[in-house]
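For reference, the structure discussed in these notes is given below.
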Amino acid sequence: MPHEPYAVEMRGITKRFGTITANRAVDFALRKGEVQALLGENGAGKTTLMRILYGLYHADEGDIFVDGQMADIRSPRHAIAHGVGMVTQHFALVPPITVTENIILGYTDRFNIDLDAAHNKVAEASRRFGIAIEPRALVKNLSVGERQRVEIIKALYRDAKVLILDEPTAVLAPQEADELFESLKRLRDSGLSVIFISHKLHEVMAITDRVTVLRSGELAGTVNTAETNQADLAKMMVGRETFGVTKSDVNGRQGDIALRLEKISALDSKELVALKEISFEVRTGEILGLAGVSGNGQSELAQVLEGTRPSTGGRVSANGREITNAGPEQIMATGVGRIPEDRHESVVAEMTVAQNMALEHLHEFVRRGMLDKKRIRAHAETLIEAYQIKARPNDRIRTLSGGNMQKVILARVLERNPSVIIVAQPTRGLDVGATEYVRQKLLEQRQRGAAILLISEDLDEILELSDRIAVIYEGEIMNVLPAAEADIERLGLLMCGVSV
Amino acid sequence: MQIKIERSPAPVWFRPLIPLLAIVFTFVITASLVLLVNANPLSAYYYFLIDPLSSRVSAIEVLVKSTPLILTGAAVTFAFVGGYWNIGAEGQLLMGATAATAIGLQMHGVPAWIAIPLMILGGFLAGMLWALAPALMRVKLAIDEVVTTLLLNSVALLIVSALLNGPWRDPISQWPQSPEIAPSAIFPKLIPRSRLHLGFILAVIVVILVWFVLTRTAFGLRMRAVGMGSSAARFAGINVDRTMLISGLVSGGIAGLAGVTEVAGIHYHLIDAISGGHGYTGIIVATLGTLNAWGVLLAALFIGLIDTGAQTVSRALGVPVYLGDVIQAALLLVTLGFLLLQGYRIRWRRKG
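As they're listed, the protein sequences go chains U and F. In short: position in the first sequence from 1, add 78, done, that's my numbering. In short: position in the second sequence from 1, add 1206, done, that's my numbering.
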């Protein structure tokens, strides 16, 4: 049956890194004028496959065909010559120069550049592709969303027929993501083929024509988006039926106020006001979710409660004891457990799992003035077993995956049965399996009677876990709602600063 | 052929081999200098590495030369492990030597068992005191200690010169050198009719203490945590400022001890060339010893060997004695380079 050749076809791609096989005999085909999602958990091999297509890696086995012709792509330069462009998660832009200069950078061979003509060409491209961008703007003054548009124009300007987007919405605000989707639809209708790497199911459902799912480096299948649903895709991704955690409707022993904030104010790292008189309380046996768009004071609030940032006004107390501006040690001594936003800033990467597990309470591991190495190791072995951490006590933390690193931190905190838990962005960057595990653990703690403040930018997470939801906007609490009264629309408005 | 450089840390077993590879590589590249003066590199290296060990006298001399290097190397290690970049061992050594001289001059009629501990304590405190200002500025005002500790080295040398040209000028010879310290303050010899003195034992004891503190105590683990990730250490409730201050001060104190051993063990009076760069060489020793106490001991012995060999090689082959310094400097650069490069691997791939 004759058919139009694929825009891109990859056959039997295998790629190994040392002993790890990142891709195993993967077939992938992209039709002309379609948006196809490449879906999979972290570490499923999506990015590796696309880096091979873009010439950043070279496959150990397998062939690539572009427009029906075998293509030897050994560097991004070859890929661009074959009409393949890629926008990676980390932009390759030079901040101090203009949009136009960034776009023509490395693309012009001429010694002198007619900048006016170049500006006009970029402006024309911007119009033609329907992606608004100011050619003369300096990249350093652009928002992340605008920078992404520059990257897309850069690829299109080089006559890309195939555009690879690596988790493009990870850095975008919801409105920016919507704009991106509109642009992609227009580009698709004008004949561009797009590969959309993601692990967000609702995005995949919203924008793509077909979905290819990878699981542990292997092809799990390719389906038409119209003929599938989120639950089926999730099943293909994780290879098992159950998905998501189940929150028991019965609360734990909910009752007394365990954490109380009264008019807490604080500055951010640039000495600007980040928190304005924040007050709320968390009771035992409940999870209070703090929702908000990134950068509205969540990080600063977490740091104030963790004891790593001073507050400039107000009071904090935990279990009836004041901990305003106390250090981490004092805070932990009142029964507060802390799971911070940035995993890498809270473990010492070059130290072992066992050492990191003992670090917060080192004085408990001293015998006759010396470190009790046996106890440190035994302690680690117990926690590794109890929390199913894939690591050995003497492995350096930096060799662990994000999920296992988070489990180390979780284990370190939860083993002490804290009565108050401050947890920020607990599942950021984790794959589905680890995410589920972390959420399940938090619910167990709630059941046990802990008071949990869950600070998260993942609204689904907030909705799934919280008993009450507070919304923070520009350093102020907009409202605190019982979970039953909170729906996405209402939260969305509050997150944008609209009182409802 | 296509060559690619990928990030991939070397396996743990490989790390101790890095200093050895660095030494071999350093000898390969410095061979060109030996060839420039028409000498045979192999015989030069024979005189550098083997000849000093072939006689008892010069083998003992290696230990003598290593003594201050063990101490400055341990001093630098103690600071670097704690994330405090003390480049001021040279100045701290000079202050230790000054204090040792000041005490030693007053010890006439005082028995050795009082005089010697007093000098050791005084030298330690003086080195510590000299390290105090930069450490406080680092912790309280976030002023880069690399600059302040380095600049204070010159200040320390000027203070020594001022003393030697002023109050301490030798009354008899009028040379800019201090009078001799009291006989009871002089370190006893370990081996009769050699220069090997009590300071060597002191240095080895310091190495053992540094090893113990860094690897066997909670404070050592906290220090390492601060050095390897200060934000994580702060998060875990470790008092980062205090830990850093202590590692900077103890480092200064250990460097001060190197000044004591040079005054009380070798010269018996203060001269402005009392150090001759031992403080800076300590940085080489600490790096080559991969910030490990036993590694420091080995590295200091190795540098002591090269120092001793440099004399022989210049006598035997007419190679300038400064070749020894060139080798040491090249060794630092090569070791640092290797330590950086171990995080990467090169992959060759045939085309097509």
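Glycine included, every Cβ here is placed at the ideal spot set by N, Cα and C. Owing to the predicted nature of the structure, the values given are computational and were not obtained by experimental measurement.
Q: Could you name the residues of the region 1441-1453 of chain F whose beta carbon sits closer than 9 angstroms to any beta carbon of chain U, in the order they occur along the chain?
A: Residues 1441, 1442, 1443, 1444 and 1445.
Q. Span of the alpha helix (DSSP H) holding residue 423(U)?
A. Residue mapping note: residue 423(U) aligns to position 345 of the first sequence, counting from 1. Going by DSSP, residue 423(U) is part of no alpha helix (DSSP H) at all; its letter is neither H nor E.
**Q.** Inter-residue Cα distance where the pair is residue 1233(F) and residue 1533(F)
**A.** For the purposes of this step, residue 1233(F) is identified with residue 27 of the second sequence, where counting begins at 1. For the purposes of this step, residue 1533(F) is identified with residue 327 of the second sequence, where counting begins at 1. Annotation: residue 1233(F) to residue 1533(F) spans about 8 angstroms, alpha carbon to alpha carbon.
Q | Top-ranked residue by Cα proximity to residue 343(U), from 406(U), 311(U), 389(U) and 264(U) | A | Sequence index remark: in the first sequence, residue 343(U) carries index 265 (1-based). The option with the nearest alpha carbon to residue 343(U) is 389(U).
Q. Does any C-beta atom of chain U lie closer than 8 angstroms to the C-beta of residue 1434(F)?
A. In the second sequence, the residue the question calls residue 1434(F) occupies position 228. Answer yes: the Cβ-Cβ gap between residue 1434(F) and chain U drops below 8 angstroms somewhere.
Q | Enclosing beta strand (DSSP E) for residue 560(U) [first to last residue] | A | Your numbering for residue 560(U) matches position 482 in the first sequence. 554-560 is the span of the beta strand (DSSP E), which, as asked, contains residue 560(U).
Q: Specify the secondary structure class of residue 1548(F) as computed by DSSP and reduced to three states.
A: For the purposes of this step, residue 1548(F) is taken as the residue at position 342 of the second sequence. Under the three-state reduction of DSSP output, residue 1548(F) falls in the coil class, being neither helix nor strand.
Q: Check whether the Cβ atoms of residue 1279(F) and residue 1506(F) lie closer than 8 angstroms to each other.
A: Locating residue 1279(F) in the second sequence gives position 73, where the first residue counts as 1. Locating residue 1506(F) in the second sequence gives position 300, where the first residue counts as 1. Taking the C-beta atoms as reference points, residue 1506(F) is found nearer than 8 angstroms to residue 1279(F).
Q. When you compare only the Cα positions, how much space is there between residue 1545(F) and residue 1224(F)?
A. Mapped onto the second sequence, residue 1545(F) falls at position 339. Mapped onto the second sequence, residue 1224(F) falls at position 18. In this model, residue 1545(F) and residue 1224(F) are separated by some 7 angstroms (Cα to Cα).
Q) What whole-angstrom Cβ distance do residue 295(U) and residue 123(U) have, given they're in contact under 8 angstroms? A) For the purposes of this step, residue 295(U) is taken as the residue at position 217 of the first sequence. For the purposes of this step, residue 123(U) is taken as the residue at position 45 of the first sequence. 4 angstroms between Cβ atoms; contact.
Q) If you measure beta-carbon to beta-carbon, which residues of the region 391-416 of chain U are closer than 7 angstroms to chain F? A) Of all residues in the region 391-416 of chain U, 405, 406, 407 and 410 have a Cβ within less than 7 angstroms of some Cβ in chain F.
Q. Going by C-alpha distance, which of 118(U), 150(U), 87(U) and 352(U) is nearest residue 314(U)?
A. As a working mapping, residue 314(U) is identified with position 236 in the first sequence. Residue 314(U) has its Cα closest to that of 118(U), out of 118(U), 150(U), 87(U) and 352(U).
(Q) Relative to the C-alpha of residue 170(U), which candidate in 225(U), 133(U), 152(U) and 155(U) has its C-alpha closest? (A) The residue you call residue 170(U) lines up with position 92 of the first sequence. Among 225(U), 133(U), 152(U) and 155(U), the Cα nearest to that of residue 170(U) is on 225(U).
Q: Closer than 9 angstroms by beta-carbon distance: list the chain U residues that pair up with residue 1423(F), in chain order.
A: Reading the second sequence from its first residue, position 217 is the one you call residue 1423(F). Those are 444, 447, 448 and 449, listed as they occur along chain U.
Q: Measure the beta-carbon distance from residue 1376(F) to residue 1385(F) and round it to whole angstroms, keeping in mind my assumption that it falls under 8 angstroms.
A: Your numbering for residue 1376(F) matches position 170 in the second sequence. Your numbering for residue 1385(F) matches position 179 in the second sequence. The Cβ separation is near 6 angstroms, so the contact holds.
Q: Could you tell me the distance, in whole angstroms, from the CA atom of residue 1235(F) to the CA atom of residue 1542(F)?
A: Position 29 of the second sequence, counting from 1, holds the residue named residue 1235(F). Position 336 of the second sequence, counting from 1, holds the residue named residue 1542(F). In a straight line, the C-alpha of residue 1235(F) is about 15 angstroms away from that of residue 1542(F).
(Q) Please report whether the beta-carbon of residue 418(U) lies at a distance below 8 angstroms from any beta-carbon of chain F. (A) As a first step, residue 418(U) is located in the first sequence; it is residue number 340 there, counting from the start. Answer yes: the Cβ-Cβ gap between residue 418(U) and chain F drops below 8 angstroms somewhere.
Q.
So that I know if they touch, is there some Cβ in chain U lying closer than 8 angstroms to that of residue 1427(F)?
A. As a working note, residue 1427(F) is residue 221 in the second sequence. Judged by the 8 angstroms Cβ criterion, residue 1427(F) is in contact with chain U.
Q: Please decide whether residue 1431(F) counts as near chain U, where near means a Cβ-Cβ distance under 8 angstroms.
A: Along the second sequence, one-based indexing puts residue 1431(F) at 225. Using beta-carbon distances, residue 1431(F) counts as an interface residue toward chain U, with a partner under 8 angstroms.
Q) So residue 425(U) packs on residue 475(U), CB below 8 angstroms; how close in whole Å? A) Here residue 425(U) refers to the residue found at position 347 of the first sequence. Here residue 475(U) refers to the residue found at position 397 of the first sequence. Rounded, the Cβ-Cβ distance is 5 angstroms, consistent with contact.
Q: Can you tell me which of the three DSSP states residue 515(U) falls into?
A: Position 437 of the first sequence, counting from 1, holds the residue named residue 515(U). DSSP places residue 515(U) in helix when its eight states are reduced to three.
Q: Could you name each continuous beta strand (DSSP E) segment of 3 residues or more that falls completely within the region 92-137 of chain U, going from the start of the chain to the end?
A: The region 92-137 of chain U contains these whole beta strand (DSSP E) runs: 98-108 and 113-117.
Q | Strand pairing of residue 358(U), partner residues [DSSP] | A | Position 280 of the first sequence holds residue 358(U). Residue 358(U) is bridged by DSSP to 339(U).
Q) Any idea what DSSP makes of residue 1441(F), helix, strand or coil? A) The residue you call residue 1441(F) lines up with position 235 of the second sequence. It is helical.
Q | Proximity to residue 1275(F) [Cα-Cα], best of 1242(F), 1419(F) and 1406(F) | A | Walking along the second sequence from the start, residue 1275(F) turns up at place 69. Nearest C-alpha to residue 1275(F): 1406(F).
Q | Contacts around residue 1362(F), its chain only, beta-carbon distance under 6 angstroms, and the 5 residues preceding and following it disregarded | A | Numbered from 1 along the second sequence, position 156 holds the residue referred to as residue 1362(F). Answer for residue 1362(F): 1297, 1300 and 1301, listed in chain order.
Q. With a cut-off of 8 angstroms, does the C-beta of residue 283(U) fall near any C-beta of chain F?
A. The residue you call residue 283(U) lines up with position 205 of the first sequence. So no, residue 283(U) is outside the interface.
(Q) Using DSSP's beta-bridge definition, name the partner residues of residue 484(U). (A) Counting from one through the first sequence, the residue named residue 484(U) turns up at place 406. Beta-bridge pairing links residue 484(U) to no other residue.
Q. What residues from chain U crowd round residue 1470(F), counting only those whose CB sits closer than 7 angstroms?
A. For this step, residue 1470(F) is matched to residue 264 along the second sequence. In chain order: nothing, as chain U lies at least about 31 angstroms away.
Q. Should residue 280(U) and residue 253(U) be called a contact, given that it needs their Cβ atoms to be closer than 8 angstroms?
A. Counted from its first residue, the first sequence places residue 280(U) at position 202. Counted from its first residue, the first sequence places residue 253(U) at position 175. Going by C-beta atoms, residue 280(U) is not nearer than 8 angstroms to residue 253(U).
Q.
To test your reading of the DSSP string, which unbroken beta strand (DSSP E) runs of 3 or more residues are found completely within the region 145-230 of chain U?
A. Taking only runs of at least 3 residues, the beta strand (DSSP E) segments lying wholly in the region 145-230 of chain U are 147-149 and 162-165.
Q.
For residue 377(U), report the span of its alpha helix (DSSP H) as first-last.
A. Counted from its first residue, the first sequence places residue 377(U) at position 299. Taken as a continuous stretch (DSSP letters only), the alpha helix (DSSP H) holding residue 377(U) covers 376-384.
Q. What do you get for residue 1267(F), buried or exposed, if any count of 16 or more other CB atoms within 10 angstroms of its CB means buried?
A. Looking up residue 1267(F) in the second sequence gives position 61. Flag for residue 1267(F) reads buried.
(Q) Let me make sure I understand the geometry here. Which of 1286(F), 1212(F), 1516(F) and 1214(F) has the alpha-carbon closest to that of residue 1351(F)? (A) Counting from 1 along the second sequence, the entry for residue 1351(F) is found at position 145. If we check each option's Cα against that of residue 1351(F), 1286(F) comes out closest.
Q. Just the Cα atoms here: how many angstroms apart are residue 229(U) and residue 213(U)?
A. On the first sequence, residue 229(U) is found 151 positions in, with the first residue counted as 1. On the first sequence, residue 213(U) is found 135 positions in, with the first residue counted as 1. In this model, residue 229(U) and residue 213(U) are separated by some 13 angstroms (Cα to Cα).
Q. Closest by CA to residue 1218(F), which one among 477(U), 538(U), 150(U) and 221(U)?
A. Counting from one through the second sequence, the residue named residue 1218(F) turns up at place 12. The candidate whose alpha carbon is nearest that of residue 1218(F) is 477(U).
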